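Okay, so here's the structure we're looking at.
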Amino acid sequence: MDKDFVTITFNRDTAFIRFSIVADEWPIDKFTEEIGIKPTEVYKKGDPYIRGKRKSTRVETVWSIETGIVYRRYDDDEDKNIFESLIAPFKSKIALINKYRKKYELTCIFFVHYVFYDASTPGTRLDPSVISFANNIEAIIDVYIDNKLTLEDEGWF
-14 MDKDFVTITF NRDTAFIRFS IVADEWPIDK FTEEIGIKPT EVYKKGDPYI
36 RGKRKSTRVE TVWSIETGIV YRRYDDDEDK NIFESLIAPF KSKIALINKY
86 RKKYELTCIF FVHYVFYDAS TPGTRLDPSV ISFANNIEAI IDVYIDNKLT
136 LEDEGWF
C-alpha cells in the first residue's frame, strides 16, 4: 500500500493540549524560575504581536506549555497518556501553582483540541488522575472538536 495513502488515511486524527496560567499581570519570570519547568510560550500584557497583517498588543500575561500535535492511535489509555505527558512535571508543584494562583488571581486553563476526519468522532475520556489534578489547581478544561472532510471531499478518490 502506498505510504502516503496510509499516512493520510490512518494517521490524520490529532490531539493537541495546552496548559496555560493566565492573569492581567503577574511575575512569569519568577514563576518559571521557581517551578523549574520551561514553558512553550510566555508573554506579558502589553507585549506587541502580529496576527496576519494586523499589529496588536497582548491583553493578558500568559505562561503556557503544550504537547504539540499528537497523532492519535486509539490505544486504550491514549487520552490519559497524552494528558499525563503534559501534567506529570506539575504534580509535585500543586502547592506552588496554588500559591501563585491565589496571590495573583490566576486562572489555570487546559485547552484540548481534537481534529477528526471523515466525520468519525470517537469518544474521548478524562482519566480520574487528570480530573483530580485539574480540580486541585481549580483549572478550567475547554475541549474543542473539529471534524474535517472525507478523503473523497479532499479529492483523493
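Residues -14 to 142 in this note's numbering are what the sequence shown spells out, letter by letter. Glycine is no exception: its CB is placed at the ideal position from the N, C-alpha and C atoms. Quick caveat, the model's predicted, so the values are computed rather than measured.
DSSP, read as helix, strand or coil, puts Glu123 in coil.
In the structure shown, Tyr59 falls within a coil segment according to DSSP collapsed to helix, strand and coil.
Nearest to Tyr56 by alpha-carbon distance, out of Leu91, Ile126, Tyr99, Asp62, is Tyr99. Its chain contains Ile2, Phe4, Ile50, Glu51, Thr52 as the residues whose beta carbon lies nearer than 8 Å to that of Leu71, once the 5 sequence neighbours on both sides are disregarded; these appear in chain order. The C-beta distance from Lys30 to Thr17 rounds to 16 Å, too long to fall under 8 Å, and the pair is not in contact. Of all C-beta pairs linking the stretch 8 to 28 to the stretch 75 to 93, three or more are shorter than 8 Å, placing the two stretches in contact.
By the neighbour-count criterion, in which a residue is buried when 16 or more other Cβ atoms sit within 10 angstroms of its Cβ, Val115 is buried.
Of the residues Asp61, Asp112, Glu19, the one whose Cα lies closest to the Cα of Phe75 is Glu19. Tyr89 and Tyr28 have their C-alpha atoms spaced approximately 16 Å apart. Judged by beta-carbon spacing, Ile94 lies beyond the 9 Å limit of Ala0, meaning their Cβ atoms are not closer than that value.
Taking C-beta atoms under 8 Å as the contact rule, Asp127 and Phe101 fail to qualify, at a distance of about 17 Å. Along the length of the stretch 20 to 55, whole beta strand (DSSP E) runs at least 3 residues long occupy 26 to 28, 33 to 36, 39 to 42, 46 to 51, reported in chain order.
Shown here, Asp131 sits in a strand according to DSSP, grouped into three states. A residue is called buried when at least 16 other Cβ atoms come within 10 angstroms of its Cβ; Ile35 does not meet this threshold and is exposed.
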